[in-house]
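Structure, as C-alpha cells:
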Amino acid sequence: MLQVLACGVVVFPGLFFIFRRVLPSIFKQWTDADVVLVSERLVSSIHAIMATTAGVIVVSACSGNVMTDRYWLATYFVIWYGVPYMTYDIYAMYLSHYYRFRVKGHEEYKEHSLTTVNSFVRREFLLVLHHIALLTILLPVTLFFRRDQGDYFIGCLFLTELSTPFVSLGKILIQLGLQDCWVHKANGGMVLLSFFLCRIALFPYMYWVYGRHYGIPIYGVPFHLTLSVNLGNLCILAPQVYWFVLLCRKGWRLYQRQRHATAAAGSQDSSPLPPPSPSLTDNQPKGNH
1 MLQVLACGVV
11 VFPGLFFIFR
21 RVLPSIFKQW
31 TDADVVLVSE
41 RLVSSIHAIM
51 ATTAGVIVVS
61 ACSGNVMTDR
71 YWLATYFVIW
81 YGVPYMTYDI
91 YAMYLSHYYR
101 FRVKGHEEYK
111 EHSLTTVNSF
121 VRREFLLVLH
131 HIALLTILLP
141 VTLFFRRDQG
151 DYFIGCLFLT
161 ELSTPFVSLG
171 KILIQLGLQD
181 CWVHKANGGM
191 VLLSFFLCRI
201 ALFPYMYWVY
211 GRHYGIPIYG
221 VPFHLTLSVN
231 LGNLCILAPQ
241 VYWFVLLCRK
251 GWRLYQRQRH
261 ATAAAGSQDS
271 SPLPPPSPSL
281 TDNQPKGNH
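Numbering-wise (the UniProt record's numbering), the sequence shown opens with residue 1 and increments by one.
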C-alpha cells in the first residue's frame, strides 16, 4: 500500500519537475511563469486522463447493481493517485501564481513569503477550497462512511475530470499564440460541452440512477438521502456551476469580439477606395510671395 501511495506522490511532482526542465529548452522565449503554467496544465491533463479512465472502468464494472457492486479501483485510485495529486496541485497552483506576479515585477514576489501565500489563497480561494473539500470530504466518504456501497457513484465522480484536458489545452494554445486558430475555437466548444455534461449534468444523472434503483422519482431522491450526502454533493456542484457561468461569459465575450472584428474587416473590404491625396501642385493655393 505504501509503495503504491509513494508512486502517486512521486509521479505528479516528478512529471512537473521534468516538464519544467524540458520546456525551456524547446521554447526559449518563455518566462518562468509560462513554463510553470504549461507544466501544471500538462500534469493536470495526465491526471485527468487517468481519473477518467478509472471512472469508465468502475462505472462499467458496477452498472449491474449501482449500490452493492464493488470494484477495487473505486477506493484505491483515490488513495494511490487522488490524494497525492490534490495535495501536489495546490502547491503547483501556488507556484504558477507566484511566478506570474513575479514576472510582472511585483516587489513582494521577489521571494516566497507568507504574503505571497496569503495572496494566492485570496485570489484562488474557490480552487483551494475545492481541493481541500475533496481531501476532507471525498476521501473520508470513500474510505469510511460508504459502508462498502456506491462504487458506481465514486466512478461517476472520477468522470468529472473529463473536461480538464480541454481546459488545459485551451490555456496551452493561448500560450503558444494559437488562440485564433480553428483548433482553439473547436476546443472552446468542447470545454463548454464536457464541463456541462461531466461537472453539472452528472449530478442530476446520479440522482436519477439512484432513484431508478430504489423505484422513486428523481424529485424524491433528495428526501431519501441523508442531509450530509445532499450537502456534500452541493458543496462539489456549487463551484462547478460558478465556473461554468464564468466560462460561458468568457466564450460570449470572445464570440462578440471576433464578430465585431469580422464585421470591421468586412466593412473595410467593401468600402470604396479613398480619393487620392492631392499633391502640392494640384489645386493648392499658391500663397503670397
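For each residue, glycine too, the CB sits at the ideal point set by N, CA and C.
- With distances taken between CA atoms, residue 87 lies nearest to 139 out of 139, 101, 263.
- The shortest C-alpha to C-alpha distance from residue 49 to any of 184, 160, 13, 249 is the one to 160.
- The Cβ-Cβ distance between residue 54 and residue 77 falls below 7 Å.
- Under the three-state reduction of DSSP, residue 67 is assigned to coil, being neither helix nor strand.
- Taking the C-beta atoms as reference points, residue 163 is found nearer than 7 Å to residue 194.
- Taking the CA atoms as reference points, residue 251 sits about 10 Å from residue 245.
- Relative to the Cα of residue 101, the nearest Cα in the group 31, 72, 154, 59 belongs to 31.
- Apart from the 5 residues on each side of it in sequence, residue 24 sits with its Cβ closer than 7 Å to the Cβ of 30, 35 in its chain, given in chain order.
- In the structure shown, the three-state DSSP call for residue 25 is helix.
- The beta carbon of residue 40 sits closer than 8 Å to the beta carbons of 16, 89, 92, 93, 95, 96 from its chain, once the five residues preceding and following it are set aside; these are given in chain order.
- Assignment of residue 256 by DSSP, reduced to helix, strand and coil, places it in the helix class.
- In this structure, the beta-carbon distance from residue 172 to residue 38 falls below 7 Å.
- The Cβ atoms of residue 68 and residue 142 do not sit closer than 7 Å to each other.
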